[in-house]
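Have a look at the structure below, then the notes.
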Amino acid sequence: KQEVTQIPAALSVPEGENLVLNCSFTDSAIYNLQWFRQDPGKGLTSLLLIQSSQREQTSGRLNASLDKSSGRSTLYIAASQPGDSATYLCAVEDQFYFGTGTSLTVIP
Amino acid sequence: SQTIHQWPATLVQPVGSPLSLECTVEGTSNPNLYWYRQAAGRGLQLLFYSVGIGQISSEVPQNLSASRPQDRQFILSSKKLLLSDSGFYLCAWSVWGGGTDTQYFGPGTRLTVL
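As you go down the protein sequences, you meet chains A and B in turn.
So the first sequence is numbered by my numbering: it starts at 9 and just counts up by one.
So the second sequence is numbered by my numbering: it starts at 6 and just counts up by one.
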């Protein structure tokens with residue numbers, strides 16, 4: 009069974025810092041990998057989707073990479089802002105296996 | 006312990022036919038409930054969420070509707086399916102507490118509209 013782990017579980021950084029969130033999975037036979045953010049009391053918002061044939065995706069200040077062979081993905085957030093504070097989840101497909109999440113706090 | 010059920014697991018329907026997907030949660034009370042869809046090659050998209058019986062919020066205009074007739078039952082419906090309704094549908098629940106709002110997902114329904 010696929011297991012998805014995220015490190016760190018919680019992260020607190022001052023505004024303006026660049027940061028990296030990590031996601032690892034045990035079965036490299038994945039279809040897609042997605043990164044989400046979850047704000048308190050709200051649904052998930054999909055940030056980036058990386059197909060299994062791709063190695064990275066970029067959207068604004070976000071960049072996600074995928075290394076299937078090593079079972080890892082990273083989400084890079086540049087120039088962090090207080091509005092980036094949320095819980096970040098990764099998930100591998102095609103059955104959805106969600107990671108444990110990283111709670112990010114960006115301090116003004 | 007809490008569990009979430011979704012059915013059916015797989016569904017193939019013709020264009021124009023009705024749809025009813027059901028989601029039920031056990032082991033918790035007054036959960037927030039969510040319906041998501043992932044179309045082929047697209048990210049997961051929130052369709053509806055509910056904070057209580059009869060309370061439904063829609064995130065995007067669409068051909069679908071949702072209802073919550075009971076505290077732990079969430080139903081996704083359509084009167085007439087479109088080809089664009091094809092995708093993978095996920096139901097989720099959460100309960101706010103202790104400063105967290107972790108969502109727990111069902112097994113999903115893969116819908117193909119032909």
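Idealized CB from N, CA, C, for every residue including glycine.
- Under the DSSP assignment, A:Gln103 falls outside any beta strand (DSSP E); it carries neither an H nor an E label.
- Cβ neighbours of B:Phe93 within its own chain (closer than 6 angstroms, five residues either side excluded): Gln43, Gly113, Arg115.
- A:Thr110 is positioned such that its CB atom lies no closer than 8 angstroms to that of A:Gln10.
- Pairwise C-beta distances place the stretch 77-85 of chain A out of contact with the stretch 70-84 of chain B, as fewer than three of them are shorter than 8 angstroms.
- In the three-state DSSP reduction, A:Ser61 falls in the coil class, being neither helix nor strand.
- At a cut-off of 8 angstroms between beta-carbon atoms, B:Leu81 makes no contact with chain A.
- For the options B:Leu38, B:Gln67, B:Tyr39, the alpha carbon positioned closest to that of B:Leu86 is the one of B:Gln67.
- Chain order gives no chain A residues near B:Gly57, where near means a beta carbon separation below 9 angstroms; the closest approach is about 13 angstroms.
- DSSP, reduced to helix, strand and coil, places A:Asp75 within a strand of the structure shown.
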